[in-house]
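Novice:
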Amino acid sequence: AGFVVSDGEENDLYIAPQNIGQALNGDKVKARIFKRGKTRNEGEVTAILSRERTQFVGTLEIHEKFAFLIPDNLKAGTDIYIPKEKLNGGKHGDKALVKITVWPKTSKNPYGEVVEVLGKSGSNDTEMISILCNHGIDYKFPQEVLAEAEVIGLDLDQEEVAKRRDFRPITTFTIDPVDAKDFDDALSFKELENGHLEIGIHIADVSNYVRPGSAMDTEALKRSNSVYLVDRVVPMLPEQLSNMACSLRPNEDKFSFSAVFEMDEEGTVYNQWFGKTVIHSDRRFSYEEAQEIIEGKDGDFKKEILILDKIAKILRKIRLKHGALNIESEEMRFKLDEKGHPEEVVIKTSKDANKLIEEFMLLANRKVATFVSEPKKGRDQVPFVYRVHDKPSLEKIAVFNIFIDKFGYKLDFSNPDQIASSINRLLD
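Quick note: to get the working numbering, add 249 to the position in the sequence shown (first position is 1).
(1) Assign I329 to one of three DSSP states: helix, strand, or coil.
(2) Please report the straight-line C-alpha distance between T420 and F504, rounded to a whole angstrom.
(3) So G361 and I349 are in contact, right, with Cβ under 8 Å, and what is the actual spacing, rounded?
(4) According to DSSP, is I386 part of a helix, a strand, or is it coil?
(5) Near R240, what residues of its chain come up, given a Cβ to Cβ distance below 8 Å and the 5 sequence neighbours on each side ignored?
(6) Exposed or buried, which one is A494 when buried takes at least 16 other CB atoms within 10 Å?
(7) Excluding the 5 residues flanking A464 on each side, which residues of the same chain have their C-beta closer than 6 Å to its C-beta?
(8) Could you check what DSSP says for N520 in three-state terms: helix, strand or coil?
(9) Using only the alpha-carbon positions, how far apart do L403 and N492 sit?
(10) For R413, which residues from the same chain have a beta carbon less than 8 Å from its beta carbon, with the 5 sequence-adjacent residues on both sides left out?
(11) By the three-class DSSP mapping on this structure, what secondary structure does I311 have?
(12) Here's the rule: buried if 16 or more other CB atoms are within 10 angstroms of the residue's CB, otherwise exposed. What is Y477?
(13) Go ahead and pull the three-state DSSP assignment for S379.
(14) Inspect the beta-carbon positions of G270 and E301 and report whether they are closer than 9 Å.
(15) For I692, which residues from the same chain have a beta carbon less than 7 Å from its beta carbon, with the 5 sequence-adjacent residues on both sides left out?
(16) Can you pull the DSSP bridge partners for F550?
(17) What first and last residue would you give for the beta strand (DSSP E) that runs through F510?
(18) Measure the C-alpha to C-alpha separation of K333 and I311 and round it to an integer number of angstroms.
(19) Give the DSSP-derived three-state secondary structure of P624 in the structure shown.
(20) Measuring CB atoms only, is the region 533-541 touching the region 595-610, in the sense that at least three cross pairs come out at less than 8 Å?
(21) At what residues does the alpha helix (DSSP H) containing I193 begin and finish?
(22) From the DSSP output, read off the bridge partner residues of P499.
(23) Report yes if the CB atom of V594 is closer than 9 Å to the CB atom of M581, and no otherwise.
(24) Using DSSP's beta-bridge definition, name the partner residues of T420.
(25) Taking Y587 as the reference, give the member of L405, N373, L336 and A669 with the closest Cα.
(26) Rounding to the nearest angstrom, what Cα-Cα distance links Y458 and P632 in this structure?
(27) Out of H571, I450, L555 and E468, point me to the one whose CA is closest to H529's CA.
(28) My assumption, with CB atoms under 8 Å, is that E579 sits in contact with I606. Please give the rounded CB distance.
(29) Could you check the C-alpha separation between T288 and S299 for me, to the nearest Å?
(30) Going by Cα to Cα distance, which pick from R498, K471, V479 and D639 is closest to M485?
(31) On the criterion of 16 or more Cβ atoms from any shown chain inside 10 Å, does K344 qualify as buried, or is it exposed?
(32) Quick one: residues in its chain with C-beta nearer than 7 Å to the C-beta of I297, no 5 flanking neighbours on either side, listed in chain order?
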């Protein structure tokens with residue numbers, strides 16, 4: 250059966266199997282109501298306005314004179330008929346990506362052709378690619394995008410270097426997960442003559458390489474973000490950028506955007522600067538390595554890491570006092586063997602090293618947002634994108650309060666501004 254969800258209608262419209270016609274899950278359709286009910290009306294699909302998708306992943310089932318694709322996603326609602334000459338080398342039992350080419354009115358099933366044979370069903374690589382295809386995620390880049398990426402080298406344009414603030418002589422390092430392939434943010438540390446510190450938060454300057462209107466720009470907009478699976482990452486940009494030119498790898502000069510703060514060890518900011526820079530990372534730390542130094546082990550840049558950790562803890566305390574939620578959850582990471590099969594489940598815990606990076610990134614975000622939003626003399630107000638977390642629904646908080654009351658807890662939600670601190674007390 251199907252259900253049509255319509256803007257402006259409180260309830261969805263029930264469509265019995267015999268009244269779905271050639272509509273598929275996610276399609277935009279026109280439907281007619283022929284039976285009104287107390288809770289839900291019943292109707293039929295009269296026209297398909299647009300298809301949500303025309304390509305499906307599934308297993309090929311080959312018979313003597315024809316073949317079918319049995320889609321992985323049961324919501325597809327139909328098998329796809331494939332003429333033998335449209336198999337493109339696909340064999341019985343193969344996983345394949347199939348495109349619907351036509352759906353004759355007289356046919357129960359749509360007709361299609363194999364776009365790509367993904368491999369033998371059941372193998373790790375095939376199943377991973379199938380998951381991506383089922384979610385409409387391109388695991389390959391178009392050729393024109395790869396061609397643009399291939400001409401980008403690792404050597405910096407010296408004319409561009411001359412236009413930027415040079416941080417290369419200043420102690421700089423990255424702290425990332427042990428299995429990270431790309432390093433997109435770094436911290437720099439310098440002691441000033443007045444006793445203050447100069448802390449730089451640097452992020453890779455992707456815009457130096459990805460120009461508006463280029464094939465890479467168009468593809469990045471289409472993808473919107475990188476996608477992480479258990480054993481791989483499907484990046485938003487080709488690896489020549491994501492893992493090479495725009496990755497703040499150790500012992501390489503890189504272009505970056507930076508937020509630089511003159512501050513003391515108590516976290517008070519005295520001066521700030523935002524702009525384009527060139528940096529040189531001296532060391533790549535994993536979270537575990539940085540954590541060992543925080544816990545007392547000797548290591549590179551021990552003094553710098555301990556001071557940054559001290560400041561991060563002060564910033565975090567202030568942030569929580571001002572109503573930030575202190576939510577910590579356990580995250581799983583899988584250790585895989587050479588064939589991609591899981592051998593072990595590891596619980597990732599957020600320790601001081603993780604929180605150190607988080608606090609300085611939040612500081613940069615907060616200061617940049619404040620800087621842009623405050624009107625400046627001689628500067629026009631600029632449009633800006635923010636991510637905001639709205640205040641919670643009081644109705645939902647009230648229901649939650651009833652639930653936790655059974656365990657002897659309660660939330661104070663008389664004042665919406667106090668809800669966060671009340672939740673933090675509950676979590677404690």
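Glycine included, C-beta positions come from ideal geometry on N, C-alpha and C.
Specialist: According to the structure data:
(1) strand
(2) 16 Å
(3) 5 Å
(4) coil
(5) Residue 240 cannot be examined here, being either before or after the span of the chain that is shown, 250 to 677.
(6) buried
(7) E393, V394 and E397
(8) strand
(9) 11 Å
(10) F504, G524, K525, T526 and V527
(11) strand
(12) exposed
(13) helix
(14) no
(15) Residue coverage of the chain in this structure runs from 250 to 677, which leaves residue 692 outside it and unanswerable.
(16) Answer is none; F550 lacks a bridge partner.
(17) D502 to M512
(18) 8 Å
(19) coil
(20) yes
(21) Any answer about residue 193 is impossible in this case: the structure gives the chain only from 250 up to 677.
(22) S530
(23) yes
(24) F438
(25) The question names Tyr, yet the displayed sequence has Glu at residue 587. For E587, the nearest C-alpha among the options comes from N373.
(26) 23 Å
(27) I450
(28) Not a contact, Cβ separation roughly 19 Å.
(29) 28 Å
(30) K471
(31) buried
(32) Q271, A272, D276 and V278
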